[in-house]
Each structure stands twice: as C-alpha cells, then as structure tokens.
Amino acid sequence: MTGTASRRLDELSGTAVTERLTEDSIIVLPTGAIEHHGPHLPLSTDALLAGALAGAAVDRAADAGLDIWILPTLTYTKSDEHHWAPGTVWLNWDTLMATLVDIGRSIAATPARTLVFMNGHGGNGALLQVANRELHRRFGLKTFTMPAGIQRAGAGGDAGADEAGLGIHAGHGETSLVLHVRPDLVDMTRAERNVPEHIGAMEFIGFNNKPVSFGWLSNDFGASGVIGDPTAATAEAGAALFEESVARSVDALLEISRFTFEVPPSGPTP
894 MTGTASRRLD ELSGTAVTER LTEDSIIVLP TGAIEHHGPH LPLSTDALLA GALAGAAVDR
954 AADAGLDIWI LPTLTYTKSD EHHWAPGTVW LNWDTLMATL VDIGRSIAAT PARTLVFMNG
1014 HGGNGALLQV ANRELHRRFG LKTFTMPAGI QRAGAGGDAG ADEAGLGIHA GHGETSLVLH
1074 VRPDLVDMTR AERNVPEHIG AMEFIGFNNK PVSFGWLSND FGASGVIGDP TAATAEAGAA
1134 LFEESVARSV DALLEISRFT FEVPPSGPTP
C-alpha cells in the first residue's frame, strides 16, 4: 500500500462510514471467481488478481486525491462455463444478479453515490453491464464496470507465445500476472498450450473484440480448460502487465470521478 491510511471500507466502523463518506465518495467492488484454470494455476486466480489489481489501483487513486474505498472481493460469481471442472464454485445468473442488487441497495444506504465493479472474470461481464442499469434505475447510483486488468493475447516474440488472438483463460497474460503476484501458486511444469487456431483465423467470430460472440464452455476447446498459451509466461511480463493495468485503472477512476450526466455549460475553454 502506498497511501498512509487503509482504503478498505470494511475496516471502518458503521459510524465512521456516515462520518467519512460523502456523495463524492467512490466505492470499488472487485469481482473475481473460483474456477478451473488448467492444471497450472489455482482456482482462486480471478479473485486473486481482481483483488490485487483493484487494491493497488484504489491506493494509487487515493494518493491522487480521490475519496475512494474498496470492498472485499466478490469471489463466488458466474462461472458456469467451467461447471464441468471439479473445484469450480459458481452461481446461477439470477443468484448473482440478486446478490448485486442487494449489494447496490446496501451501498445506497451510505452517503456514497458511485459504485464501480472492477471485474477480473470475463464470465461476469455481460451480467455486470445489466447490473449497472438496474442499480442506477432502482437506487440512483452512478454505476460503472471496468476490467481489473488488461486482457491481451500473446502475439509471439517479446509478447509471449502466439495465441492467435485467443488468449483469454489461463494463457500467457493471466499466468504471467499470477507468477508476479503469487508465484508459489503456479506450477509451470504443468503449463500447456491450447489454442483453437481455426477460430482465431475467423474474421468475425471470436474473442478479444471480434464482433460476433458465441456461447461456449471451456472444455469445448479441449480437456485442459486452457484457452491460450501459458508456456512462455514470466513474472517479469506479469510485473509489466500489472503496472500497465494499474496505471490505466487509475486514469479510468479519475475520469469516473468527473463523470456527469449533465451537459456542461457552454463557453470558452479555460
């Protein structure tokens, strides 16, 4: 932690919440998962990285002057794409949505009016987008969803093994990040490449900003559950990706702090 004081909301007393939070306060909720990540990464990968990346970003944003607080990571989420793998602990979409609504209701009972989901698990993304509007409509909160870290497929050379644009799960980037944060939890002797290159060759269908999405389960691509290539992952690459992710998150949080639905008054730019 770089700041002089904890930014963990759960470490405040209930009285302190009402005394220290204002309508300008931002509350960050990291969202992760407990799910299969191949034979080389821990089940806690998404929760671990969401918490570590969000915590670092919140501390740095507080140092930059934001009144920002972090909640404990929401760990059990929508991981049904990995339902087939023992160890995955997942909620139905409606259970998670009800949980998000209840959390939003609780935040709305504090002076804070802004809630940011910093998401570390891709399977949560669509539901969090729905929750943004639901919580805004029901409780008047300003709500945002952003990635906890940068998702980037390895492109060969210095960018790691070529993942054909499909490095989304337990691949080069994610494995490198865990090697940086908790190397004791990674078994690189069991890392294996699994890239469905025939999908990577498609123009429209795929991952990572391809325009056509599709329903899938992680074992559709093979028994390992890996979608990517972790074999060239390094702690050094993870450290660089961690720093880049935190810096971008801080910039996003600063912009969130300035966001308004109201049209700014016209006039000369100062």
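Each residue of the sequence shown is one higher than the last, beginning at 894 in my numbering.
Yeah, the Cβ is synthetic: ideal placement off N, Cα and C, and Gly gets one too.
Give the DSSP bridge partners of Arg901, in chain order. Ile963
Given that a residue counts as buried once 16 or more other Cβ atoms are within 10 Å of its Cβ, and exposed if not, what is Leu1110? exposed
Which value, in whole angstroms, describes the spacing of the CA atoms of Met894 and Ala1094? At Met894 the pLDDT is 40, less than 50, meaning the model places this residue with poor confidence and gives no usable figure here.
Compute the Euclidean distance between the alpha carbons of Thr968 and Pro935, then round it to the nearest angstrom. Annotation: Thr968 to Pro935 spans about 14 Å, alpha carbon to alpha carbon.
Flag Phe1107 as yes if its beta-carbon sits less than 8 Å from any beta-carbon of chain D, otherwise no. In summary, chain D is missing from the structure at hand, where a single protein chain is found.
Going straight from the alpha carbon of Gly1033 to that of Gly1115, what length do you get? Distance between the alpha carbons of Gly1033 and Gly1115 is about 44 Å.
Leaving out five residues on either side along the sequence, give the residues of the same chain with a beta carbon under 6 Å from the beta carbon of His975. Glu928, His929, Thr981 and Ser1111
What separation, rounded to the nearest whole angstrom, lies between the Cα atoms of Glu904 and Ile963? 10 Å
Would you check if the segment 986-1004 and the segment 1014-1027 touch, i.e. whether three or more CB-CB distances between them fall below 8 Å? For the pair of segments examined, the segment 1014-1027 was found to touch the segment 986-1004: the number of CB pairs separated by less than 8 Å reaches three.
Give me the Cα-Cα distance between Thr970 and Val1079, rounded to the nearest whole angstrom. 23 Å
How many Å lie between Glu1137 and Gly925 at the Cα? 19 Å
Please look up how many angstroms separate the CB atoms of Leu914 and Pro1004, rounded, as I've assumed it's under 8 Å. 4 Å
Ends of the beta strand (DSSP E) at Asn1012? From DSSP, the beta strand (DSSP E) with Asn1012 extends over Thr1007 to Asn1012.
Using DSSP with H/G/I as helix, E/B as strand and the rest coil, what is Pro932? In the structure shown, Pro932 sits in coil (DSSP, three-state: anything other than H, G, I, E or B).
If I'm right that Ser1142 touches Leu946 with Cβ under 8 Å, what's the distance once you round it to whole angstroms? 7 Å
Taking 7 Å as the limit between beta carbons, can you name the residues of its chain near Gly896, skipping five residues before and five after? With a pLDDT of 45 at Gly896, under the threshold of 50, the modelled position of this residue cannot be trusted, and the question is left open.
From Val1071, Arg1086 and Val1105, residue whose alpha carbon lies closest to that of Glu1129: Val1071
Range covered by the alpha helix (DSSP H) that runs through Thr1068: His1065 to Val1074
Pick from Thr1007, Ala898 and Gly944 that is closest to Thr966, judged by C-alpha positions: Of the candidates Thr1007, Ala898 and Gly944, the one whose C-alpha sits nearest the C-alpha of Thr966 is Gly944.
Looking at the strands, I want to know which residues DSSP matches up with Gly1121. Gly1121 pairs with Asn1087.
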